[in-house]
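Taking it in order: structure first as structure tokens, then the write-up.
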Amino acid sequence: MLFNSIPFLFFFVIVYLFYWNIPSRFRFNFLIVAGLFFYGFFSFPFLIHFLVVISINYFLYRKIRNKESDQYVKIAVVFNLINLGFFKYFYFFTTFIGDVIGSELLKKAPDWISITLPLAISFYSFQMIAAAVDAHRDASGETIGVRDYFLFVMFFPVLIAGPIMRTTDFLPNLSKNIEPDRGQIYRACFLLMSGLIKKILIADPIAGRISPVFANPSEYDNFSLFMSGIFYTLQVYSDFSGLTDMARSIALFLGFEIPENFYAPFFSTSGRELWRRWHATLSNWLRDYIYFPLGGNRKGEFRSHINLFITMVLGGLWHGADYTFVAWGAYWGALLAIERIFVDKLKISILPGNLFTKVLQSLLIFVLFSISALMFRSNSASLMVDLFAGIFTNDVGFLSQSIASANGGWLVSGMSLVGGGDVFQMNSLKNLESFVYMYIMFLIFHYFQYKPESLNKFKKYSFVLSLVLGIITIFMITTLSQDGDAFIYYRF
Numbered sequence: 000m001l002f003n004s005i006p007f008l009f010f011f012v013i014v015y016l017f018y019w020n021i022p023s024r025f026r027f028n029f030l031i032v033a034g035l036f037f038y039g040f041f042s043f044p045f046l047i048h049f050l051v052v053i054s055i056n057y058f059l060y061r062k063i064r065n066k067e068s069d070q071y072v073k074i075a076v077v078f079n080l081i082n083l084g085f086f087k088y089f090y091f092f093t094t095f096i097g098d099v100i101g102s103e104l105l106k107k108a109p110d111w112i113s114i115t116l117p118l119a120i121s122f123y124s125f126q127m128i129a130a131a132v133d134a135h136r137d138a139s140g141e142t143i144g145v146r147d148y149f150l151f152v153m154f155f156p157v158l159i160a161g162p163i164m165r166t167t168d169f170l171p172n173l174s175k176n177i178e179p180d181r182g183q184i185y186r187a188c189f190l191l192m193s194g195l196i197k198k199i200l201i202a203d204p205i206a207g208r209i210s211p212v213f214a215n216p217s218e219y220d221n222f223s224l225f226m227s228g229i230f231y232t233l234q235v236y237s238d239f240s241g242l243t244d245m246a247r248s249i250a251l252f253l254g255f256e257i258p259e260n261f262y263a264p265f266f267s268t269s270g271r272e273l274w275r276r277w278h279a280t281l282s283n284w285l286r287d288y289i290y291f292p293l294g295g296n297r298k299g300e301f302r303s304h305i306n307l308f309i310t311m312v313l314g315g316l317w318h319g320a321d322y323t324f325v326a327w328g329a330y331w332g333a334l335l336a337i338e339r340i341f342v343d344k345l346k347i348s349i350l351p352g353n354l355f356t357k358v359l360q361s362l363l364i365f366v367l368f369s370i371s372a373l374m375f376r377s378n379s380a381s382l383m384v385d386l387f388a389g390i391f392t393n394d395v396g397f398l399s400q401s402i403a404s405a406n407g408g409w410l411v412s413g414m415s416l417v418g419g420g421d422v423f424q425m426n427s428l429k430n431l432e433s434f435v436y437m438y439i440m441f442l443i444f445h446y447f448q449y450k451p452e453s454l455n456k457f458k459k460y461s462f463v464l465s466l467v468l469g470i471i472t473i474f475m476i477t478t479l480s481q482d483g484d485a486f487i488y489y490r491f
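Under numbering that gives the first Met the number 0, the sequence shown has 210 at position 211, and the numbering climbs by one with no breaks.
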């Protein structure tokens with residue numbers, strides 16, 4: 000039941016109508032029931048497991064709040080890590096140990112035990128760990144009731160793929176008088192349209208065009224392989240940012256404010272700024288519950304680099320149990336440490352701080368992210384090696400192929416508006432026009448994320464803009480859309 004699916008549309012219409020037409024004292028209970036149905040629709044066999052995990056966490060949370068023992072917060076953290084580790088990392092750790100000691104039996108663990116990953120376990124585990132640790136750190140805070148705790152974990156707009164909320168993000172919604180608000184409805188409509196466009200008109204079309212490159216990297220030249228990383232970056236941003244927009248939109252329709260996850264990350268001029276803007280709720284979680292407890296930068300320069308490296312590797316592992324995600328985390332841990340050394344200690348500034356150089360710095364960060372995107376997209380270590388080996392070894396053939404094809408006729412035949420467009424061939428540059436459209440849309444949404452206040456000047460034209468954007472959306476859907484894929488972050 001994806002946000003961009005017909006079943007979810009029916010589900011949400013029913014929830015919305017019931018929610019606003021039942022007595023207000025029953026609304027939060029109704030949202031818990033809606034969350035149960037939503038999770039059960041995706042993963043009914045794990046619904047009981049989900050409820051048991053929440054119940055145990057709430058029991059431990061109350062013990063922590065009652066200050067019965069400092070051990071309860073440790074028990075809560077360990078319990079959630081064991082639950083997450085068994086279901087998500089059992090195969091990875093057995094394979095890793097098998098590789099280290101040369102045990103074929105351990106390498107073949109998937110053949111002798113079958114483990115299914117519970118839906119959203121990475122997200123809800125981190126939320127409940129944060130709730131337990133925050134309860135221990137802030138003894139003066141208000142104790143959360145059982146209903147509010149269950150709703151905090153089971154709030155269906157963010158249940159499957161975040162944002163990763165803290166109790167301080169969510170609980171203020173429960174203490175106010177929630178009633179329909181015209182301003183929230185307008186924002187919700189804009190976010191819903193934004194999310195659908197990002198998903199349907201940018202992420203899904205890119206996915207269909209670059210998937211063949213990742214399926215057979217040896218068939219493509221090095222330019223194609225490098226560009227596939229560039230466009231996968233646009234895909235994963237549009238997919239996940241679109242998902243967040245839709246989640247925030249659905250929450251707003253119900254009167255709830257939830258945190259933003261993206262703040263125009265590819266306008267960042269440094270790696271540190273990037274990770275404050277990209278998947279911000281995860282970045283903040285890693286900082287507060289891993290980096291700071293490891294010592295942060297309080298234990299010396301070298302130790303701070305090690306802490307940063309460990310934090311990013313664990314952040315990579317959070318995304319997936321594979322060597323590729325370890326490599327992705329190590330890559331960013333090393334880059335961030337190097338950046339600290341050059342910028343903070345050596346005070347090296349290569350470029351002056353004007354607009355042009357800021358654009359160059361942003362492009363550099365975008366390219367560095369796109370290189371890591373090849374690791375992120377690879378579903379095995381061998382594919383990752385093939386991709387990077389191909390970038391350095393596969394011949395460049397795209398220019399000669401393009402120039403040799405009918406004196407530039409390749410450009411006309413590749414345009415969907417003029418010649419109908421062929422199946423996209425990265426190594427012959429056909430149909431790059433559609434990528435230009437998608438990149439322009441990406442830049443527009445990125446700008447509004449970077450300067451959200453810029454939308455205010457268009458409020459008085461809201462009706463006309465809605466009509467124009469609707470026509471543009473229909474046009475783009477007819478020229479670019481295809482059968483939708485599941486959101487990338489649903490699998491985490």
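Built from N, CA and C at the ideal position, the CB exists for glycine as well.
Point to revise | Ile-209 and Ser-369 closer than 7 angstroms at C-beta | key: With respect to Ser-369, Ile-209 sits apart: the two C-beta atoms are not nearer than 7 angstroms.
Point to revise | Length of the line joining the Cα atoms of Trp-331 and Phe-324 | key: A direct Cα-to-Cα measurement between Trp-331 and Phe-324 gives close to 11 angstroms.
Point to revise | Option in Phe-49, Leu-170 and Leu-253 with minimal Cα separation from Asn-20 | key: For the options Phe-49, Leu-170 and Leu-253, the alpha carbon positioned closest to that of Asn-20 is the one of Leu-253.
Point to revise | Rounded straight-line distance, which links the Cα of Ile-201 to that of Met-440 | key: If you take the alpha carbons of Met-440 and Ile-201, they lie about 8 angstroms apart.
Review point. Can you give the Cα-Cα distance for Leu-30 and Leu-373, rounded to whole angstroms?
Key: Cα to Cα, the separation comes out at about 39 angstroms.
Review point. Which class does Phe-10 belong to by DSSP, given the choice of helix, strand or coil?
Key: Helix, per DSSP.
Practice item. Could you tell me the boundaries of the alpha helix (DSSP H) in which Asn-56 lies? Key: Asn-56 -> alpha helix (DSSP H) spans 46-64.
Review point. Ordered along the chain, which non-local residues of its own chain (more than five positions away) have a Cβ less than 7 angstroms from that of Glu-272?
Key: None.
Review point. When we look at the beta-carbon of Asp-203 and count the other beta-carbons within 10 Å, is it buried (16 or more) or exposed?
Key: Asp-203 comes out buried.
Point to revise | Inter-residue spacing [alpha-carbon to alpha-carbon] between His-135 and Gly-207 | key: Taking the Cα positions, His-135 is about 47 angstroms away from Gly-207.
Review point. Is the distance from the Cβ of Leu-386 to the Cβ of Leu-233 below 7 angstroms?
Key: Not in contact: Leu-386 and Leu-233 (Cβ atoms no closer than 7 angstroms).
**Study point:** Three-state secondary structure assigned by DSSP to Trp-317
**Key:** Helix at Trp-317.
**Study point:** Top-ranked residue by Cα proximity to Lys-107, from Phe-85, Phe-91, Asp-180 and Ile-177
**Key:** Checked all of Phe-85, Phe-91, Asp-180 and Ile-177; the closest Cα to Lys-107 is Phe-91.
Review point. Rounded to a whole number of angstroms, what is the C-alpha to C-alpha distance between Tyr-322 and Leu-105?
Key: Tyr-322 and Leu-105 have their alpha carbons spaced roughly 16 angstroms apart.
**Study point:** Buried versus exposed call for Lys-175 [16 or more other C-beta atoms within 10 Å across all chains shown]
**Key:** Lys-175 comes out exposed.
Practice item. Classify Ile-143 as helix, strand or coil using the three-state DSSP reduction. Key: Correct three-state label for Ile-143: coil.
Check your understanding: Among Leu-335, Asn-353 and Leu-150, which residue has its Cα nearest to the Cα of Phe-25?
Key -> Selected option, being the one with the closest Cα: Leu-150.
**Study point:** Nearest to Leu-59 (by Cα), restricted to the options Ala-129, Glu-338, Tyr-15 and Pro-22
**Key:** Selected option, being the one with the closest Cα: Ala-129.
Review point. Going straight from the alpha carbon of Ala-320 to that of Leu-313, what length do you get?
Key: One C-alpha to the other measures close to 10 angstroms.
Check your understanding: Whole-angstrom Cβ separation of Asp-244 and Leu-190, contact assumed at under 8 angstroms?
Key -> Correct: roughly 5 angstroms between the Cβ atoms.
Check your understanding: When the Cα atoms are used, what is the spatial distance from Phe-86 to Ile-184?
Key -> Approximately 39 angstroms, taken between the alpha carbons.
Check your understanding: CB-CB under 6 angstroms to Ala-194, same chain, minus the five flanking residues each way: which ones, in chain order?
Key -> Note that residue 194 is Gly in the sequence shown, not Ala. Result list for Gly-194: Gly-241, Asp-244 and Met-245, in chain order.
Review point. Helix, strand or coil: how does DSSP classify Leu-493 here?
Key: Because the chain here runs from 0 to 491, residue 493 falls outside it and cannot be looked at.
Exercise for review: Report yes if the CB atom of Ile-120 is closer than 7 angstroms to the CB atom of Leu-281, and no otherwise.
Suggested key: In this structure, Leu-281 does not lie closer than 7 angstroms to Ile-120 by Cβ.
Review point. According to the Cβ coordinates, are Arg-276 and Tyr-262 closer than 7 angstroms?
Key: Pairing Arg-276 with Tyr-262 gives a Cβ-Cβ distance under 7 angstroms.
Practice item. Write down every uninterrupted run of the alpha helix (DSSP H) in the region 62-145 whose length is 4 residues or greater and which is fully enclosed by it, in chain order. Key: If we require 4 residues or more, the alpha helix (DSSP H) runs fully inside the region 62-145 come out as 70-100, 103-106, 108-111 and 120-136.
Check your understanding: Apart from the five residues just before and just after Ser-371, which ones in its own chain have a Cβ nearer than 6 angstroms to its Cβ?
Key -> Setting aside the 5 residues that flank it on each side, Ser-371 is surrounded in the same chain by Trp-327 and Tyr-330, each with a C-beta closer than 6 angstroms to its C-beta; the list follows chain order.
Practice item. Rounded to whole angstroms, what's the CA-CA distance from Ser-124 to Phe-375? Just pull it up for me. Key: Each residue's alpha carbon lies about 22 angstroms from the other.
Point to revise | Per-residue DSSP class, three states only, for Val-417 | key: Confidence in Val-417 is poor, its pLDDT being 39 and thus under 50, which makes the residue's placement unreliable; the coordinate value appears in the next sentence. Per DSSP, reduced to three states, the secondary structure at Val-417 is coil, with no helix or strand assignment.
Review point. Between Phe-434, Pro-6, Tyr-15 and Phe-7, which lies nearest to Phe-255 when the distance is taken from Cα to Cα?
Key: It is Tyr-15.
Review point. Hey, out of Asn-82, Tyr-88, Arg-61 and Leu-442, whose CA is closest to Gly-315's CA?
Key: The shortest Cα separation from Gly-315 among Asn-82, Tyr-88, Arg-61 and Leu-442 belongs to Tyr-88.
Review point. How long is the line joining the alpha carbons of Phe-10 and Asn-353, rounded to whole angstroms?
Key: Between Phe-10 and Asn-353, the C-alpha separation is close to 50 angstroms.
Exercise for review: Could you tell me if Asp-482 is buried or exposed, where buried requires 16 or more neighbouring beta carbons within 10 angstroms of its beta carbon?
Suggested key: Residue confidence is low: Asp-482 scores 48 on pLDDT, short of 50, so the model does not pin down where it sits. No coordinate-derived value is stated.
Review point. Is Trp-277 close to chain B, meaning its C-beta is less than 7 angstroms from at least one C-beta of that chain?
Key: Looking for chain B here will not work: only one protein chain is present.
Exercise for review: Return yes when the Cβ of Leu-118 is within less than 7 angstroms of the Cβ of Phe-40, no when it is not.
Suggested key: In this structure, Leu-118 does not lie closer than 7 angstroms to Phe-40 by Cβ.
Review point. For the alpha helix (DSSP H) that contains Ala-187, what are its first and last residues?
Key: Boundaries of the alpha helix (DSSP H) harbouring Ala-187: 181-195, taken from the DSSP string.
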